[in-house]
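Residue numbers (the numbering used here): 3 to 328. Take a look at the structure set out below.
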């Protein structure tokens, strides 16, 4: 097999050099996967965490080595899930209620849980080729979409019992193999995907058909957020943040006065918080029109931000939870 780049966090560039914050791993040959369960370890709480979501009042975070962490105290403390059937990196997680959730990751893995993340079962695993999935979103308990390497889009209509690969049609040949890095939904049931070459994809039918939206930016986008059915934010390389007020038809660049790449954008319903490399934190209280530096003493690269019911933020990094809500 040809050399394969396996993303652990997301492809991040720094100083114009192809540095992968996310420990990009290059392998000249990768044999068939031999699945093994995630190991229970005292070090799991310090594992790289790539995504987090709420399952009712429980916080669920996923990351390297199949680690799944659970918190029932508003993300102040975490414990390891009881059973995860893979030890490959998990990159995305989505819940539709307190019990039913899905996680995706390397080797095209899709895992499902019906008990709020305590125990997981494999729904999909591609053991012959590591074509990772980077993000997953479920609209309800039956309909979901997952995206990943080389324009991989998978859609389910039966809660993940079956997954169908969905072609992402494009008249532009150079867009055929874009890496699809994140998913975010609007309030009307539409879903967006961020991608390389400054592209955003949109589906109004739960991932069955897609259209490309041009942002006017040529670099990679790694995260996004819908504030309402019209207002969107997407972020990526070298502090690039773009805002749209017309559902992605036109975009305006927001100046953050930084070259640190953005890895996650989240909202608690009032504030918008974006995080990124080298402790980057910017906060907005006007719908993403302007941002200020969030007071913090964190200098480590951040991978995800999760608002808590107490009005605080849980921040994650390649060393797990690094900022505990007060």
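We put the beta carbon where it would ideally sit given N, CA and C, even for glycine.
Unbroken stretches of the alpha helix (DSSP H), 4 residues or longer, contained in the segment 94-174 = none
CB residue 162 to CB residue 100, shorter than 8 Å?
-> Position 160 of the chain shown, counted from the start, is the residue given in the question as residue 162. Position 98 of the chain shown, counted from the start, is the residue given in the question as residue 100. No, Cβ-Cβ distance for residue 162 and residue 100 is not below 8 Å.
Since residue 283 is in the beta strand (DSSP E), which residue starts that stretch and which ends it?
-> Counting from one through the chain shown, the residue named residue 283 turns up at place 281. Here the beta strand (DSSP E) through residue 283 covers 283-286.
Thinking C-alpha only, which one of 91, 142, 98, 120 is nearest residue 106?
-> Within the chain shown, the letter at position 104 stands for residue 106. Here the closest residue by C-alpha is 91.
Using three-state DSSP, classify residue 72 as helix, strand or coil.
-> Taking the chain shown and counting its residues from 1, the one referred to as residue 72 is at position 70. Of the three classes helix, strand and coil, the one that applies to residue 72 here is strand, per DSSP.
Determine, using beta carbons only, whether residue 262 and residue 280 come nearer to each other than 8 Å.
-> Numbered from its first residue, the chain shown carries residue 262 at position 260. Numbered from its first residue, the chain shown carries residue 280 at position 278. Taking 8 Å as the Cβ cut-off, residue 262 and residue 280 qualify as a contacting pair.
Taking the CB atoms as reference points, tell me whether residue 282 and residue 308 lie closer together than 8 Å.
-> Looking up residue 282 in the chain shown gives position 280. Looking up residue 308 in the chain shown gives position 306. Cβ atoms of residue 282 and residue 308: not closer than 8 Å.
Three-state secondary structure (DSSP) of residue 241 | Residue 241 sits at position 239 when you count from the first residue of the chain shown. Reduced to three states, the DSSP call for residue 241 is helix.
Run the CB neighbour count on residue 129, radius 10 Å, all protein chains shown included, and call it buried at 16 or more, exposed below.
-> Taking the first residue of the chain shown as position 1, residue 129 is located at position 127. It counts as exposed.
Counting along the chain, where does the beta strand (DSSP E) carrying residue 224 start and finish?
-> On the chain shown, residue 224 is found 222 positions in, with the first residue counted as 1. Where residue 224 is concerned, the enclosing beta strand (DSSP E) stretches over 223-228.
Would you report the Cα separation of residue 13 and residue 319, rounded to the nearest angstrom?
-> Here residue 13 corresponds to residue number 11 of the chain shown, with the count starting at 1. Here residue 319 corresponds to residue number 317 of the chain shown, with the count starting at 1. In this prediction, residue 13 has a pLDDT of 43, which is less than 50 and means its spatial position is unreliable; what the coordinates show is noted afterwards. Using only the alpha carbons, I get a separation of about 15 Å.
Does the Cβ-Cβ distance between residue 205 and residue 193 come in under 8 Å?
-> Reading the chain shown from its first residue, position 203 is the one you call residue 205. Reading the chain shown from its first residue, position 191 is the one you call residue 193. Yes, Cβ-Cβ distance for residue 205 and residue 193 is below 8 Å.
Between the segment 216-225 and the segment 240-249, do at least 3 Cβ pairs fall closer than 8 Å?
-> yes
Alpha-carbon to alpha-carbon, residue 295 and residue 301 = Reading the chain shown from its first residue, position 299 is the one you call residue 301. Reading the chain shown from its first residue, position 293 is the one you call residue 295. Distance between the alpha carbons of residue 301 and residue 295 is about 13 Å.
Among 188, 114, 63, nearest to residue 51 - alpha-carbon criterion | What you label residue 51 is simply residue 49 of the chain shown in a count that begins at 1. It is 63.
Do you know offhand how far residue 158's Cα is from residue 146's?
-> For the purposes of this step, residue 158 is taken as the residue at position 156 of the chain shown. For the purposes of this step, residue 146 is taken as the residue at position 144 of the chain shown. Residue 158 and residue 146: Cα-Cα distance of roughly 5 Å.
Measure the alpha-carbon distance for residue 23 versus residue 79 and round it to whole angstroms.
-> Translated into the one-based positions of the chain shown, residue 23 becomes position 21. Translated into the one-based positions of the chain shown, residue 79 becomes position 77. Its pLDDT being 34, under 50, residue 23 is placed unreliably in this model, and the value from its coordinates should be taken loosely. Spanning the two alpha carbons is a distance of roughly 25 Å.
Cβ-Cβ distance between residue 226 and residue 215 below 8 Å | Taking the first residue of the chain shown as position 1, residue 226 is located at position 224. Taking the first residue of the chain shown as position 1, residue 215 is located at position 213. No, these two residues do not count as a Cβ contact at 8 Å.
What separation, rounded to the nearest whole angstrom, lies between the Cα atoms of residue 40 and residue 186?
-> In the chain shown, the residue the question calls residue 40 occupies position 38. In the chain shown, the residue the question calls residue 186 occupies position 184. Their Cα atoms are separated by approximately 28 Å.
Where the beta strand (DSSP E) through residue 60 begins and ends | Position 58 of the chain shown, counted from the start, is the residue given in the question as residue 60. Looking at the DSSP string, the run of the beta strand (DSSP E) that includes residue 60 is 60-65.
Continuous beta strand (DSSP E) stretch holding residue 54: start and end = The residue given as residue 54 occupies position 52 in the chain shown. Run containing residue 54: 51-57, per the beta strand (DSSP E) assignment.
Under 8 Å between the Cβ atoms of residue 306 and residue 269?
-> Here the question's residue 306 lines up with position 304 in the chain shown. Here the question's residue 269 lines up with position 267 in the chain shown. No. Outside cutoff.
Whole angstroms is fine: what's the gap from residue 202's alpha carbon to residue 54's?
-> In the chain shown, the residue the question calls residue 202 occupies position 200. In the chain shown, the residue the question calls residue 54 occupies position 52. Looking at the two C-alpha atoms, the distance is approximately 22 Å.
Beta-carbon separation of residue 275 and residue 212 under 8 Å?
-> Walking along the chain shown from the start, residue 275 turns up at place 273. Walking along the chain shown from the start, residue 212 turns up at place 210. Taking 8 Å as the Cβ cut-off, residue 275 and residue 212 do not qualify as a contacting pair.
Endpoints, the beta strand (DSSP E) within which residue 278 is located | In the chain shown, the residue the question calls residue 278 occupies position 276. Residue 278 -> beta strand (DSSP E) spans 274-278.
Cα-Cα separation between residue 199 and residue 94, rounded to whole angstroms | Reading the chain shown from its first residue, position 197 is the one you call residue 199. Reading the chain shown from its first residue, position 92 is the one you call residue 94. Between residue 199 and residue 94, the C-alpha separation is close to 22 Å.
With C-beta atoms as the reference, is residue 150 less than 8 Å away from residue 126?
-> Walking along the chain shown from the start, residue 150 turns up at place 148. Walking along the chain shown from the start, residue 126 turns up at place 124. Not in contact: residue 150 and residue 126 (Cβ atoms no closer than 8 Å).
Local conformation of residue 46 per DSSP, three classes = Position 44 of the chain shown holds residue 46. Here residue 46 sits in helix by DSSP.
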